[in-house]
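There are 2 protein chains.
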Amino acid sequence: MASIKDVAAEAGVSVATVSRVLNDHPSVSEDARTRVLAAVEALGYRPNAVARSLRTDQTRTLGLVISDVLNPYFTELARSVEEEARALGYSVIIGNADERPDLQDHHVRTLLDRRIDGLLVSPTDGGSPLIVDAARAGTPMVFVDRWIPGVDVPVVRSDGRAAVRDLVAHLHGLGHRRLAIIAGPAATTTGSERVEAFRAAMAEYGLPLPDAYIGQGDFQAESGRRVTEGFLDLAEPPEVVFAADNLMALGALDAVRARGLRVPQDIALAAFDDIRWFVHTDPPITAIAQPTGELGRAAVRALVDRIEGRPPQSVTLPARLVVRRSCGEPAHREPPAPEEFPASVEPSPAMNRSQT
Amino acid sequence: MASIKDVAAEAGVSVATVSRVLNDHPSVSEDARTRVLAAVEALGYRPNAVARSLRTDQTRTLGLVISDVLNPYFTELARSVEEEARALGYSVIIGNADERPDLQDHHVRTLLDRRIDGLLVSPTDGGSPLIVDAARAGTPMVFVDRWIPGVDVPVVRSDGRAAVRDLVAHLHGLGHRRLAIIAGPAATTTGSERVEAFRAAMAEYGLPLPDAYIGQGDFQAESGRRVTEGFLDLAEPPEVVFAADNLMALGALDAVRARGLRVPQDIALAAFDDIRWFVHTDPPITAIAQPTGELGRAAVRALVDRIEGRPPQSVTLPARLVVRRSCGEPAHREPPAPEEFPASVEPSPAMNRSQT
DNA sequence: CACGTCGATGTAATCGATTCCACGACCTCG
DNA sequence: CGAGGTCGTGGAATCGATTACATCGACGTG
Chain B
1 MASIKDVAAE AGVSVATVSR VLNDHPSVSE DARTRVLAAV EALGYRPNAV
51 ARSLRTDQTR TLGLVISDVL NPYFTELARS VEEEARALGY SVIIGNADER
101 PDLQDHHVRT LLDRRIDGLL VSPTDGGSPL IVDAARAGTP MVFVDRWIPG
151 VDVPVVRSDG RAAVRDLVAH LHGLGHRRLA IIAGPAATTT GSERVEAFRA
201 AMAEYGLPLP DAYIGQGDFQ AESGRRVTEG FLDLAEPPEV VFAADNLMAL
251 GALDAVRARG LRVPQDIALA AFDDIRWFVH TDPPITAIAQ PTGELGRAAV
301 RALVDRIEGR PPQSVTLPAR LVVRRSCGEP AHREPPAPEE FPASVEPSPA
351 MNRSQT
Chain U
357 MASIKDVAAE AGVSVATVSR VLNDHPSVSE DARTRVLAAV EALGYRPNAV
407 ARSLRTDQTR TLGLVISDVL NPYFTELARS VEEEARALGY SVIIGNADER
457 PDLQDHHVRT LLDRRIDGLL VSPTDGGSPL IVDAARAGTP MVFVDRWIPG
507 VDVPVVRSDG RAAVRDLVAH LHGLGHRRLA IIAGPAATTT GSERVEAFRA
557 AMAEYGLPLP DAYIGQGDFQ AESGRRVTEG FLDLAEPPEV VFAADNLMAL
607 GALDAVRARG LRVPQDIALA AFDDIRWFVH TDPPITAIAQ PTGELGRAAV
657 RALVDRIEGR PPQSVTLPAR LVVRRSCGEP AHREPPAPEE FPASVEPSPA
707 MNRSQT
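In order, the protein sequences belong to chains B and U. If you read the first sequence in the numbering used here, its first letter stands for residue 1, the second for the next number, and so on. If you read the second sequence in the numbering used here, its first letter stands for residue 357, the second for the next number, and so on.
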């Protein structure tokens, strides 16, 4: 593959001049410029990004470590991250942790070795020393969706508290009293936070939340299935199951179906994270939607601010409840899907913060 | 960040010795080795992959350019690719083309500039000169799922011909005669191939396939919706709509639902590519499943063979029909989901190649 | 005892870019 | 007319690794 030397020889100038043309430095004669450009064209020359990075000590690359690529929420996040990064002149390398701390660390290490300019992380566990050290050592970093408490790193996330309260209000209004939750790992912020929000909302409505109604999942479908089976085996099974992510909701649906039960007649179902397919499941699933695209874009902007020396900002955006039929309410006619939120029904006006 | 020089100084040896220890070269004294290792530990040294790549002319990185990350099929493919690559000691950088040739070329160019060791591509269009040139120039390359005809590059894909025939047999058996297809872009091999397979199967059953029943989609949900609306507007709408990928099936479902029609009573639906959610849609969707994981792994193996000087092999694996209720047959009880194929029903034995 | 061999180590070239510094040509202004 | 400036250019150092080659001491052997 042709190098800058070849181009210089072909154009009859020095490598310095070639480099100047390529980085359009002002003081290059028109004559030299055209000769260099012609040589570049003739040789099909492309600058070696590896060499350039070594010299300039920047890769114009962002690392993104997410918990699970197979989760549509993260897929969408990854897409918006890449889009915004590209707009700002950066590439993105994605590392998929599959909810495994060891894999997460593997990817973080690889990315650090590659000297990425900055790191976007949605931590799988509460305290990877590797990540904490990297942050302290000055690696530009931003947490997205999940974060590690006690580390001085900006966090871009969405706050589901209000939406969870809306959900409980909705369920309460439909007459449900025994509500259960399939929680995510307590080691993740989203895992514990969603349970807390749920517990708080339940308390507001004077509803009990016995331990038996808090199932421990791991954000994967299989755990949703297992926990739901446990719920169904109880002497007094819950009337509603709220899954803390969309994959566990899928597992819950598997479990309910395996028993030959119907949603919502026999048991109601709701999920955190909205996905397009929820509109077409049997029945359509009530869910809490995050502004995923905006989250990804904000995270990239924060990280790039940090990298380029501007003060980065933490961002918290609200999630919102999208009511469908899986908890018992009659269906609304759905309007065409708007951009940011996948095809969905607006919560009925009466329900937004209608209570306390 | 500490460099190899710092380690050498700390350990009181030359950089050459440090390098030898790190790449465990045989002739290093036990004494030197321990001192170097101690220094590495003390400084928290990590080798700079950029510098190493520049010198060795290899990055131990594979590029993967896929057509659409938001498509679960490609997400799963990407995951299995990364997994296998990791097992073989390579990293993967994913480029998402969003079905746009310009974006595809952008990613290919970026990856080439980074001097990745090899490229896995699922081309968005039939003939990106950039890709063709790179292949001719000797860049190790393997096509996955889709390919560009006339280029001497191994192809790893699945053959859906038999499964499509099974599908048509199934539909014919259920009494359907007016079958329509939402095709993918003719510029993609999978786009045209699936239509051809469908056309051939229809011919076998003596069924006509009028042009009005061939809708032109682009593998995105929106096109599925649009095409389906067109079908429903026909004086004689089809009895079955077969979508050439899962996203267009989603769009088709949107369109059918918007008209207040029911699947399969008013119109039947089938899709190419199976995804977990198809089990829980209303109704569960009959689909053709590809062995996605195996495809990804085989592609990586072929590419790494090529990179490391072994002769690479093209691989073709069969897809298979998974019958559910969206075409009218009564449901079976579903067994627990096996590994490779997402939760699914086996086609009834009588249906496999039952005809002609 | 001298010489060849081998193991351990260091010196320096190299990969492909960027960029500081120096230099010559030419211009401008006092 | 000469001092000082600007412009275009090239030479060479540099980034952080790897590795060919040289060196040197110890040791075995004829």
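For each residue, glycine too, the CB sits at the ideal point set by N, CA and C.
- By the Cβ rule, the segment 636-644 of chain U does not count as touching the segment 404-423 of chain U, because fewer than three pairs are nearer than 8 Å.
- Assignment of beta-bridge partners to glycine 63/B by DSSP yields Ile93/B, Leu119/B.
- DSSP places leucine 22/B in the uninterrupted alpha helix (DSSP H) bounded by 15-22.
- Contact between isoleucine 538/U and alanine 600/U is confirmed by a C-beta separation of about 6 Å, below the 8 Å threshold.
- For the segment 72-88 of chain B, residues whose beta-carbon sits nearer than 7 Å to a beta-carbon of chain U comprise Thr75, Glu76, Ala78, Arg79, Glu82.
- Per DSSP, the beta bridge partners of leucine 677/U are Ile644/U.
- Within the same chain, and ignoring the five residues on either side of proline 208/B in sequence, the residues whose Cβ sits closer than 8 Å to its Cβ are Met202.
- Sequence-distant Cβ neighbours of serine 326/B in its own chain, meaning closer than 7 Å and more than five residues away, are Val263, Pro264, Ala268, Leu269, Ala270, Pro283, Pro284, Ile285, Thr286.
- Within 8 Å of the CB of alanine 51/B, the CB atoms of chain U belong to Leu410, in sequence order along the chain.
- From the beta-carbon of proline 47/B, the residues of chain U found nearer than 9 Å are Asp469.
- Nearest Cα to aspartate 473/U within the set Gly482/U, Pro496/U, Val464/U, Ile487/U: Pro496/U.
- Residues Gly580, Ala599, Leu625, Ala627, Ile641 of the same chain have their beta carbon placed closer than 7 Å to that of alanine 605/U, with the five preceding and five following residues left out of the count.
- The beta carbon of valine 596/U does not come within 7 Å of any beta carbon belonging to chain B, so the residue lies off that interface.
- Under the three-state reduction of DSSP, alanine 85/B is assigned to helix.
- In the three-state scheme derived from DSSP, where H, G and I count as helix and E and B as strand, serine 3/B is classed as coil.
- For leucine 609/U, the nearest CB of chain B lies under 7 Å from its own CB, placing it at the interface with that chain.
- Taking a Cβ-Cβ cut-off of 7 Å, the neighbours of serine 91/B in chain U comprise Thr466, given in sequence order.
- The beta carbon of histidine 176/B is closer than 6 Å to those of Glu239, Val240 in its chain, skipping five residues each way along the sequence.
- At a cut-off of 7 Å between C-beta atoms, histidine 280/B counts as an interface residue with respect to chain U.
- CA-CA distance, glutamate 664/U to alanine 441/U, rounds to 13 Å.
- Any Cβ of chain U closer than 7 Å to the Cβ of isoleucine 94/B would place that residue at the interface, and such an atom is present.
- Contact fails between the segment 65-77 of chain B and the segment 480-498 of chain U, because fewer than three Cβ pairs, one in each stretch, are under 8 Å apart.
- In the structure shown, the three-state DSSP call for alanine 270/B is strand.
- If you ignore the 5 residues before and after aspartate 145/B, its C-beta comes within less than 6 Å of the C-beta of Ser122, Arg157, all in its own chain and listed in chain order.
- Look at the segment 493-510 of chain U: it has no residue with a C-beta under 7 Å from a C-beta of chain B.
- CA-to-CA, the gap between leucine 43/B and valine 18/B works out to about 13 Å.
- Contacts between arginine 276/B and chain U, judged by CB atoms closer than 8 Å, involve Ala577, Leu606 in chain order.
- Residues of chain B whose Cβ lies closer than 7 Å to the Cβ of valine 425/U are, in chain order, Thr75, Ala78, Arg79.
- Taking every protein chain shown into account, the CB of leucine 253/B has 16 or more other CB atoms within 10 angstroms, so this residue is buried.
- Annotation for alanine 252/B: the continuous alpha helix (DSSP H) segment containing it runs 246-258.
- Separation of valine 21/B and leucine 37/B (C-alpha to C-alpha, rounded to the nearest whole angstrom) is 8 Å.
- Nearest C-alpha to valine 511/U among Ala519/U, Val656/U, Leu426/U, Ile449/U: Val656/U.
- Bridge partners of glycine 652/U according to DSSP: none are assigned.
- In the three-state scheme derived from DSSP, where H, G and I count as helix and E and B as strand, valine 240/B is classed as strand.
- Taking the C-beta atoms as reference points, valine 164/B is found nearer than 7 Å to phenylalanine 198/B.
- Within the same chain, and ignoring the five residues on either side of glycine 652/U in sequence, the residues whose Cβ sits closer than 8 Å to its Cβ are Glu432, Leu433, Ala434, Arg435, Ser436, Val437, Glu439, Glu440, Val500.
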